[in-house]
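For reference, the structure discussed in these notes is given below.
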Amino acid sequence: MRIIQISDTHLSPSKPHFADNWPPLARWIARQHPDLVIHTGDVTVDGAGVEEDLRHTAELMRGLGVHFRALPGNHDVGDAGNDRQPVNDERLRRWRTHFGPDRWVEDVEDFRLIGFDALLLGSGEPEEAVQADWLEAVMDDAGHRRIAWFLHRPLFLDSPDEGDTGYWSVKPEPRTRLMELVRRHSVALVASGHLHNAHDFFHDGTRYIWAPASAFLVGPDMKAPPLPGENRLGAVLYEMDGRTLEAGIVDVPGLSPHWIDDAVEEVYPRRSDK
Ligand SMILES: [Fe+2]
Ligand SMILES: [Fe+2]
């Protein structure tokens with residue numbers, strides 16, 4: 038079973054700054070003949086504000102002709118506690134209209150892949166509690182299967198015990214609950230996006246993979262804390278066979294190394310984060 042994880046495509050028909058990276062990514066995906074493609078969010082430039090971004094990118098994803106699952110990023114559904122674009126029922130409804138559920142389960146080989154919505158974490162929205170109950174239930178129900186998580190925002194940057202990293206990782210309170218689940222169920226893999234920085238490491242027996250973006254790189258001036266890993270574009274290739282998992286961060290030929298620093302005033306003019 039071959040699975041491809043892509044992330045942070047940041048596509049929009051009205052802001053086509055990174056659109057030239059979609060065709061090479063789509064061609065590369067087709068050549069890999071994956072059984073499943075997982076997009077870990079920031080699919081759009083501004084799906085949280087412009088529904089057309091969601092409609093357009095969902096069409097592109099369907100055009101791959103491959104079974105896919107997508108998870109929202111902060112630019113797709115807003116963010117917990119964001120005063121301009123808070124995640125809320127209306128934004129979630131728009132996401133679900135175009136991309137389907139923002140949490141899902143796929144059983145492949147001897148693995149249970151669980152995707153969930155990182156933007157609800159710490160939001161206090163009613164959906165946050167519903168998702169938390171659902172997550173516990175689908176994990177309890179996994180039986181003998183090994184568990185792999187997919188979400189937009191990484192659980193932590195350097196250590197599960199670190200404090201609040203702001204924009205960059207899951208807040209300490211929801212993180213503590215999630216880490217308890219990771220330990221209790223010996224989660225095999227936690228795969229995320231969001232950082233536009235590639236990294237592959239183990240912590241307490243769990244493998245953590247930060248997928249590279251395919252849209253743009255982030256210069257050191259805009260990358261808040263110094264991050265481990267590599268500043269590169271690309272994708273992640275997974276092979277699952279029985280209980281065996283192989284994974285690797287890979288280059289995608291033909292991607293243009295855009296830097297958000299050069300385009301931020303046009304693409305995200307009202308704030309300087311990505
Ligand atoms: Fe992003
Ligand atoms: Fe993001």
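Residue numbers (the working numbering): 38 to 311.
Just so it is clear, CB atoms sit at the ideal spot from N, CA and C, and this is done for glycine as well.
Give me the Cα-Cα distance between residue i and residue j, rounded to the nearest whole angstrom.
i      : j      : result
Ile43  : Thr134 : 21 Å
Glu89  : Arg99  : 15 Å
Val224 : Arg212 : 14 Å
Asp288 : Glu164 : 36 Å
Pro197 : Trp186 : 16 Å
His240 : Arg221 : 14 Å
Leu218 : Ala169 : 11 Å
Arg39  : Val142 : 16 Å
Met216 : Phe238 : 16 Å
Met176 : Arg140 : 13 Å
Leu172 : Ala179 : 11 Å
Pro306 : Lys52  : 12 Å
Val145 : Thr77  : 18 Å
Leu188 : Leu157 : 11 Å
Gly203 : Arg64  : 36 Å
Glu199 : His233 : 20 Å
His181 : Asp278 : 15 Å
Ser251 : Arg214 : 31 Å
Asp201 : Leu97  : 35 Å
With a 10 Å radius around its C-beta and 16 neighbouring C-beta atoms as the bar for buried, classify residue i as buried or exposed.
i      : result
His295 : buried
Thr281 : exposed
Val82  : buried
Ser229 : buried
Val273 : buried
Arg106 : buried
Leu129 : buried
Val167 : exposed
Ala235 : buried
Phe148 : buried
Ser309 : Reliability fails at Ser309, whose pLDDT of 45 lies under 50, so the model's placement of it is uncertain and the value that follows must be treated cautiously. Its Cβ having fewer than 16 others within 10 Å, Ser309 is exposed.
Ala67  : exposed
Arg183 : buried
Arg190 : buried
Gly291 : exposed
Pro257 : exposed
Gly110 : buried
Pro71  : buried
Pro249 : buried
Ala174 : exposed
Asp299 : exposed
Gly152 : buried
Asp120 : exposed
Would you identify the three-state DSSP class for residue i, choosing helix, strand or coil?
i      : result
Trp141 : strand
Leu101 : coil
Thr77  : coil
Tyr305 : coil
Phe153 : coil
Pro249 : coil
Arg64  : helix
Ala185 : strand
Ala107 : strand
Leu91  : helix
Arg244 : strand
Leu158 : coil
Arg121 : coil
His116 : What sits at residue 116 in the sequence shown is Asp, not His. Strand at Asp116.
Val236 : The sequence given here has His at residue 236, not Val. Three-state DSSP puts His236 in a strand.
Counting only C-beta atoms, is residue i closer than 8 Å to chain C at any point?
i      : result
Gly279 : Among the chains of the structure shown, chain C does not appear; only one protein chain is present.
Tell me which residues pass a beta-carbon proximity test against ligand 2: closer than 5 Å to any heavy atom, given in chain order.
Asp79, Gly110, Asn111, His231
Whole runs of the beta strand (DSSP E) within the stretch 254–297, excluding any shorter than 3 residues
272–278, 281–287
Which runs of the alpha helix (DSSP H) spanning at least 4 residues fall entirely within the stretch 191–228, listed in chain order?
209–221
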